[in-house]
């Protein structure tokens, strides 16, 4: 393949060189016979090429989005206008009665300045988006100004004097134009990555030919002389390269490639074993070999332009017609399995899919048919498995609906709760100076019950996230001893006010492992909440943290009523509660411990409960000692004040059904 492409490239280069030599030879010969005709042909060729670039750039802008080509298209449209005026003003054309060769040379100079500067500026739009309107307006104003300067005010510097030749302004201008083009070539080479190799070299050749053309135009005295002819031949060559690089390679060749691709696509479609056909008003307009095989037909001409129902048994006519109508009404979006009987009586199980194909005809549809008869035979052997999968799917759907219900319920409850919180805050601000104890008590009760509701909502949301797999831990290396101790001590004062002694004990001062501090806080607060809830005044709750080498053990032990032995296996089940004969006013939802167990398991740990009924209960958490790599560890700033605020808020929520808000530090 690579060898063929290389040969094709070499052939195209040889053909291009032959065409260039032939064209230059013919042009040179014409110049010796009729120079005016030669000049007119060269200039009109450049005008046609410039107009082609302009038209194709605008027509293909929405497709290619090539801002560089679009800018050149705008520029060459105006350049073509000045080149056309130059052609008409040339000696012997007789269009303009005043100005003579000086006018033609002036218009030439303007056109070349516009061309060189435009080629330079165009490079900016290799990286920058083009706004066409300002560019067009700028070129329009510039062109009108030049026309006024030349034709109306007649103040444009002379470029040619009869019997003397070119003026110094014209010669210097040609050198300036050449320098601008040299700079363009240098920048073009710097931005070579934005161009295909073939386009890059063609544009470079065009610019080099333009430079040589400008230099040739600095030497002539007679507008019909040899240097003038040489300059025009080089201009012819320059515009030929521009045509090849921008018009042919950028626009013409892609269309040819698209045509070749279309032919390749047709061949590919034809060899695909899947049946593909196009139907318009019930008549077959196209079918590949796979579709012919499905229908049991040997040649395309046997079915082309004939109704598809001719090749389907009458018992299947209604089914196929219904499927075609559903496609027209866009009711079939996915594959559909149907059973068809062919005209020869053979029954086929077909995977049927189609779509409207308005690119072919207004009512045309594209149909894809896959013979799945063999698959259907295999499916009969898997019916039992399918039934089991259906039962499993129904169970999963039930769980999904249940999870969705709790998720929606939690969100719906949070909205009015936020409104209540806001109202309470406003009332407290306005009633700060109000000394009525009852009002303060009622406000405290309102806030406490809001926290109770918020706790329920948070638990429901977290359980839902866990079920759906959306709950993720933010694991970082932390000193777990400090975290557990801070949480315990943050509620020690409130426990003491209720006559309960809260003790924290550890055999290690510091132990770093990968944990989510918010999740650990949630776990410890929940266990402490349960412990304090069922611990009587004068008793104690002990929190113990032990370093056992490969594991860290956290124990929360109370001396309350305890848990019956037959209920120990149920306490971590969701929505199940152990009935307590004491402190019955503290009712929960049965979500807390289930959430605790899930959070512990997400840390790859385990939690167990021990209890002797009437002697208290103990919850023991065991976490593996693992640390994250240093490059995954974020630097931690001093956030003690934020942590304190977060602890206070978490305590108010978690302990809302135990203590009044006054005990929790709420004014």
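Numbering (UniProt numbering), first residue to last: 1 to 667. From the three backbone atoms N, C-alpha and C, an ideal C-beta is built for every residue, glycine too.
Sequence-distant Cβ neighbours of residue 479 in its own chain, meaning closer than 8 Å and more than five residues away, are 510, 511 and 512.
Between the stretch 342-354 and the stretch 366-385 there are three or more C-beta pairs closer than 8 Å, enough to call the two in contact. Annotated as proximal: residue 90 and residue 104, with beta-carbon spacing under 8 Å. Looking at the DSSP output, residue 370 shares a beta bridge with 351. Judged by their CB atoms, residue 561 and residue 609 are not nearer to each other than the 8 Å cut-off. Residue 547: member of the beta strand (DSSP E) spanning 540-547, first to last residue.
Listed in chain order, the alpha helix (DSSP H) runs fully inside the stretch 466-516 are 480-490 and 492-497, counting runs of at least 4 residues. Residue 111 sits in a helix when the DSSP states are folded into three classes. If you check the CB distance, residue 54 and residue 76 come in under 8 Å. The stretch 182-190 and the stretch 203-213 touch, with no fewer than 3 CB-CB distances between them shorter than 8 Å. In the structure shown, residue 159 falls within a coil segment according to DSSP collapsed to helix, strand and coil. Linking residue 281 to residue 372 through their CA atoms gives a straight-line distance of about 27 Å. Taking a contact as a CB-CB distance under 8 Å, the pair residue 239 and residue 46 counts as one, their CB atoms being some 4 Å apart. Taking C-beta atoms as the reference points, residue 231 and residue 217 count as a pair closer than 8 Å. Distances from the alpha-carbon of residue 214 to those of 190, 180 and 78 put 180 closest. Apart from the 5 residues on each side of it in sequence, residue 357 sits with its Cβ closer than 7 Å to the Cβ of 278, 364, 365 and 366 in its chain, given in chain order.
Under the DSSP assignment, residue 283 falls outside any alpha helix (DSSP H), being part of the beta strand (DSSP E) whose first and last residues are 283-287.
Rounded to the nearest whole angstrom, the C-alpha separation of residue 393 and residue 450 is 38 Å. Of all C-beta pairs linking the stretch 610-621 to the stretch 484-504, fewer than three are shorter than 8 Å, placing the two stretches out of contact. The residue from 112, 553 and 247 with its alpha-carbon nearest to that of residue 202 is 247. Residue pairing by DSSP places residue 336 opposite 352 in a beta bridge.
Annotated as distal: residue 200 and residue 143, with beta-carbon spacing of 8 Å or more. For residue 275, the enclosing beta strand (DSSP E) stretches over residues 275-280.
Per DSSP, residue 316 lies in no alpha helix (DSSP H) segment and is marked neither H nor E. Under the DSSP assignment, residue 564 falls outside any alpha helix (DSSP H); it carries neither an H nor an E label.
Only buried fits residue 170, as 16 or more other CB atoms lie within 10 angstroms of its CB. The stretch 375-384 makes no contact with the stretch 313-327: fewer than 3 CB pairs, one atom from each, lie closer than 8 Å.
The alpha-carbon of residue 453 is positioned some 30 Å away from that of residue 544.
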